[in-house]
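Below: one structure, written as structure tokens.
2 protein chains.
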Amino acid sequence: MENRSLQFWYEFASTYSYVASARIQRVAGAANVELDWRAFLLGPIFAEQGWKDSPFNLYPAKGRYMWRDMERLCEAEDLPLVRPSQFPRNGLLAARVALLAEAEGWVAELTPTVFRANFAEDRDISVWETIAEILVDLGRDAEAIYEQALAPTNKDALKARTEEAASLGIFGAPSFVVGKELFWGNDRLEAALAWAGRADVD
Amino acid sequence: MENRSLQFWYEFASTYSYVASARIQRVAGAANVELDWRAFLLGPIFAEQGWKDSPFNLYPAKGRYMWRDMERLCEAEDLPLVRPSQFPRNGLLAARVALLAEAEGWVAELTPTVFRANFAEDRDISVWETIAEILVDLGRDAEAIYEQALAPTNKDALKARTEEAASLGIFGAPSFVVGKELFWGNDRLEAALAWAGRADVD
């Protein structure tokens, strides 16, 4: 029996999604698990919980801990980290572009690059100029993508995606879905990959 | 240089503290790290954040996930889990007794037993009858302990302990403190133990 694939649900404003995005291709490849990249928006899900900001801003002790934890994780992963001058940065535009990239098969290049821009280069990924620079660097037609990204069908697709996240029980990012199992947090990636290799479950 | 010791901060109502309590002596022993057991109360810390209940009750998607995650973790650890008929159960009485047990050197026996009563046997650890049964099973003088546990000095000691937790930046349980470093969550225990073995930090 083949390993099942793993859905990687991420939000571009999420710090721990950055860490996951930087290592997921390596560890999924080693585990022989296929990846299904799934950009979504946490904002609407947090809003349902009554949060109008990142919980790391709403709960300062949790926020202070998270940034120190990120420093340790990134040091261990040999990953650059520059605390963004603005947090969280709105990931709407990047997520819309990611949905196009999924359909066209270049999301695995796009997503880690956007995360790096936000969390290692302190670039403002909420504005089109930054996304356009990234697209040009990746050899893509930024102008054409801009039109497609803002087309109503693509906007609707992202809304549907975010509703799908909620319906799967997703409440944070990154999350991983394998079959019917949900795993939350960069630190659950290994458990999710192990689940994908289990032969005894749906 | 010797490994530094690790402070294990736990709350008796906390599910992930149960998992940590069941494995910490084994993994700390293997890492040659001395344990400092630190019972505290999360209630006052949650109240500061505006929460009057467990976040797993306040945020249902997070709660559903947590119970499933606990099932998987306990299966992997070969640990019994019976979802308590009441959650969270007030850990005040148990924490007061744990403080006495710390001072007298039997907290490493007491704490895992209380957690098991709550999360593997669905016994009501919030009431004295249950705590007394546990103490008798451990060969302790329950009546004498009852008086000591409710003495003003011991009540004050638990208040001071919980204030110390907040001053260390603790916002959840289990937490681990090694020198000046804080680690949050059962899944950070290995990182905390590795930190205790580092020679290059205070």
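Top to bottom, those sequences are chains A and B.
Residue numbering for the first sequence is 12 to 213, as defined by the working numbering.
Residue numbering for the second sequence is 12 to 213, as defined by the working numbering.
No residue lacks a Cβ here, since even glycine has one placed at the ideal position from N, Cα and C.
Source: prediction; values computed, not measured.
Of the candidates Val189/A, Tyr29/A, Arg15/A and Trp20/A, the residue whose Cα lies closest to the Cα of Asn129/A is Tyr29/A. Pairing Pro91/A with Ala131/A gives a Cβ-Cβ distance under 7 Å.
Under DSSP, Ser186/B forms a beta bridge with Trp20/B and Trp195/B. Bridge pairing for Trp78/A: absent [DSSP].
A straight-line Cα-Cα distance of about 58 Å links Leu110/A and Glu144/B.
Secondary structure of Leu69/A (DSSP, three-state): helix. For Ala58/A, the nearest beta carbon of chain B is not closer than 7 Å to its own beta carbon. Here Asp133/A really is in contact with Ser96/A; their C-beta atoms are around 6 Å apart, less than 8 Å. In chain order, Tyr76 and Arg79 make up the part of chain B whose C-beta sits under 8 Å from the C-beta of Leu193/A. Contact of Gly208/A with chain B is not assigned, every C-beta pair being separated by 7 Å or more. Gln159/A and Ile136/A have their C-alpha atoms some 18 Å from each other. Within the DSSP bridge table, the entry for Asp148/A names no partner. Contact between Leu200/B and Ala31/B holds, since their C-beta atoms are separated by about 6 Å, short of 8 Å. Straight through space, the alpha carbons of Thr173/A and Leu52/A are spaced by roughly 6 Å. Here Ala42/A is actually not in contact with Leu179/A; their C-beta atoms are around 21 Å apart, not less than 8 Å. With a cutoff of 7 Å on beta-carbon distance, Asn165/A and Arg107/A are scored as near each other. Within the same chain, Glu45 and Asp47 come within 6 Å of Ser16/B by CB-CB distance, once the 5 residues on both sides are set aside. With 16 or more other Cβ atoms inside 10 Å of its own Cβ, Arg49/B counts as buried. Residues of chain B whose Cβ lies closer than 7 Å to the Cβ of Gly116/A do not exist, since the nearest Cβ in that chain is about 31 Å away. Judged by their CB atoms, Ala24/B and Arg100/B are nearer to each other than the 7 Å cut-off.
Per the C-alpha coordinates, the member of Ala112/B, Pro123/B, Ile156/B and Phe126/B positioned closest to Trp139/B is Ile156/B. Under the criterion of beta carbons closer than 8 Å, Tyr70/B and Trp195/A do not qualify as touching, at roughly 12 Å. Within chain A, the C-beta atoms nearer than 7 Å to that of Lys73/B come from Phe182, in chain order. Listed by position along chain B, the residues whose Cβ is nearer than 8 Å to that of Tyr70/A are Gln60 and Phe182. Scanning chain B for C-beta atoms nearer than 7 Å to the C-beta of Asp198/A yields Asp198, reported in chain order.
Beta bridge pairing from DSSP links Leu204/B with no other residue. Under the 10 Å beta carbon count, Asp80/B is surrounded by 16 or more other beta carbons and is classified as buried. A straight line joining the alpha-carbon of Gly40/A with that of Gly190/A spans about 18 Å. In the DSSP assignment, Arg49/B falls within the unbroken beta strand (DSSP E) covering Leu46 to Ala50. When DSSP states are grouped into helix, strand and coil, Asp133/A belongs to the coil group.
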